[in-house]
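K.L.:
This structure is in structure tokens; I'll ask about it shortly.
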Amino acid sequence: MNTLSWFLALVFAVSPAVVKAAPDDETAAAIIDGGHWQADSREGTYRIRIESVGFEHVSCRVWIEWLTAATPDAPSQLLARAPFAEASNGMWACKLDAVSTPLQDNVLTLPATHTYSNEPHVFKVALGSPGEYQVLTP
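Now the structure itself:
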């Protein structure tokens with residue numbers, strides 16, 4: 007194989023992983039802002055981004071973001087982002103009309119349906135310091 011072929015093979019092999027590495031504002035089905043986090047001398051709010059992906063078996067991709075508090079000198083900024091892996095594995099479709107808004111006690115309640123068995127499930131997630139969350143439901 008020549009160098010160009012190897013390069014193209016590498017580009018196409020890596021591209022799908024790069025595309026899924028961050029949320030897409032264009033495909034966000036819901037964005038929820040709320041709650042309050044505090045760690046060390048920093049504080050801010052949470053943002054939950056829910057994307058619907060797929061076409062035959064639609065599933066959701068959920069991102070948890072930690073934003074810094076806005077000040078008179080600067081707007082809030084994204085401090086950390088983590089995928090909510092338990093619901094973003096391609097097996098769950100989120101029920102957007104039933105997602106908890108606002109966040110009660112920094113807990114996200116996310117009703118979902120299994121994309122193949124149609125089994126209902128409610129994810130309850132305690133949101134913590136930047137980059138940290140804990141699933142409260144099995």
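Sequential numbering of the sequence shown, starting at 7, is according to the numbering used here.
For glycine and all other residues, C-beta sits at the position ideal for the given N, C-alpha and C.
Treat the numbers as computed from the prediction; the structure is a model and nothing was measured.
1) Have a look at Ala-93 and Pro-81 and give me their C-alpha separation to the nearest angstrom.
2) Secondary structure at Asp-103, three-state DSSP: helix, strand or coil?
3) Mark Ala-104 as exposed unless 16 or more other C-beta atoms lie within 10 angstroms of its C-beta, in which case mark it buried.
4) Does the beta-carbon of Phe-61 have 16 or more other beta-carbons within 10 angstroms, so that it is buried, or is it exposed?
5) From the DSSP output, in three-state form, read off Val-24 for me.
P.N.:
Once the coordinates are examined:
1) Using only the alpha carbons, I get a separation of about 30 angstroms.
2) When DSSP states are grouped into helix, strand and coil, Asp-103 belongs to the helix group.
3) When all chains shown are included, Ala-104 counts as exposed.
4) The residue is exposed, with fewer than 16 neighbouring Cβ atoms inside 10 Å.
5) Because Val-24 sits at a pLDDT of 34, beneath the cut-off of 50, its placement in the model cannot be relied upon, and the following sentence gives the value as read from the coordinates. The answer is helix: DSSP assigns Val-24 an H, G or I state.
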